[in-house]
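The structure under discussion appears below in the form of structure tokens.
In our numbering, the protein residues as written are 961 to 1239.
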């Protein structure tokens, strides 16, 4: 095969990789569960390319993510469930249905009205989906109630944010940020107590409560917790790289250095980037 810009050629390539007789042994043995982690990883790599403003990488990472979609569709077609064409039809149908103000008659013309309309359409879709599943004898307990629309199959940090946003739509929310800070201090005290008691289960539980409260303050101050944490991760990488660089000048590695030495370079690293100096 030759590189191509035609999606049909990508589908043929995927089918060739999965061919039981002539395909790739690794690709042939994969299933939905084994491929799932790669799909999640590729989505994060797309996000990383965007954050680095690297459009060349973004092109490649989007291709990797598209390949994951094609991979799942190929396995589904082999199982007689659906094809890639069905995936395309499903998403185009959904987008047309959710944008009546674009593709049909609708008086919606503001972002707020569009959001309300979107939520109403999603609620109708959810009800229809539940009815279809019930007819097939499938239990749909996970989607019951207001929080049912929040997927459990996403990073916990994102799930926490979505749960809080959904609960807030019916008024179950703090009215301002200050009480959340009090809640965070309360959770820290409870975590301290759990640490003193040395109860691993309770420590895990209290740590989860603390993180959930921190996500909430991020939501209230319009600082997306996921993006905030990614920023801190990048800052940590940069500062630790500085430590390694400075230690290397002394002919040492981090494992051969004391905590005091590394802490001194950590503090020095803050001054390298003026924006971090006060952090």
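Glycine included, each C-beta is placed from N, C-alpha and C at the ideal position.
- Residue environment for residue 1121: buried (at least 16 other C-beta atoms within 10 angstroms of its C-beta).
- With respect to the C-alpha of residue 1046, the residue from 1033, 1058, 1038, 1039 having the closest C-alpha is 1033.
- Taking C-alpha positions only, residue 1132 is separated from residue 1075 by approximately 20 angstroms.
- Contact annotation: residue 1114 and residue 1175 have beta-carbon atoms that are not nearer than 8 angstroms.
- Here residue 1011 is exposed: its Cβ has fewer than 16 other Cβ atoms, across all protein chains shown, within 10 Å.
- With a 10 Å radius around the Cβ and a threshold of 16 neighbouring Cβ atoms, residue 1112 comes out exposed.
- The beta carbon of residue 1042 is closer than 6 angstroms to those of 1036 in its chain, skipping five residues each way along the sequence.
- DSSP, reduced to helix, strand and coil, places residue 1134 outside both helices and strands of the structure shown, so it counts as coil.
- Going by C-alpha positions, residue 1050 is about 55 angstroms away from residue 1206.
- Around the beta-carbon of residue 1063, fewer than 16 other beta-carbon atoms lie within 10 Å, marking it exposed.
- Excluding sequence positions up to five before and after residue 983, its CB lies within less than 7 angstroms of the CB of 976, 977, all in the same chain and listed in chain order.
- Residue 988 counts as exposed, since fewer than 16 other beta carbons sit within 10 angstroms of its beta carbon.
- The C-beta of residue 1056 has fewer than 16 other C-beta atoms within 10 Å across all chains shown, which makes the residue exposed.
- Taking a contact to require three or more Cβ pairs closer than 8 angstroms, the segment 1165 to 1174 and the segment 1191 to 1202 do not qualify as touching.
- Short of 6 angstroms from the beta carbon of residue 1077, and not among the five residues preceding or following it, lie these beta carbons of its own chain, in chain order: 1068.
- For residue 1070, the secondary structure class from DSSP, reduced to helix, strand or coil, is coil.
- Going by C-alpha positions, residue 1054 is about 13 angstroms away from residue 1080.
- By the neighbour-count criterion, in which a residue is buried when 16 or more other Cβ atoms sit within 10 angstroms of its Cβ, residue 1178 is buried.
- Taking the CA atoms as reference points, residue 1224 sits about 17 angstroms from residue 1211.
- Taking residue 1060 as the centre and dropping the five residues before and after it, the same chain places the C-beta of 1066 closer than 6 angstroms to its C-beta, in chain order.
- Residue 1154 sits close to residue 1163, with the two beta carbons spaced by under 8 angstroms.
- Between the alpha carbons of residue 1094 and residue 1087 lies a distance of about 11 angstroms.
- For the 8 angstroms CB-CB criterion, residue 971 and residue 1031 do not form a contact.
- CA-to-CA, the gap between residue 969 and residue 1026 works out to about 13 angstroms.
- Taken atom to atom, the span from the alpha-carbon of residue 1019 to that of residue 962 is near 19 angstroms.
- In this structure, 1004 is the residue among 1126, 966, 1157, 1004 with its C-alpha nearest to the C-alpha of residue 1187.
- In this structure, the beta-carbon distance from residue 1144 to residue 1116 does not fall below 8 angstroms.
- In the three-state scheme derived from DSSP, where H, G and I count as helix and E and B as strand, residue 1017 is classed as helix.
- In the three-state scheme derived from DSSP, where H, G and I count as helix and E and B as strand, residue 1075 is classed as helix.
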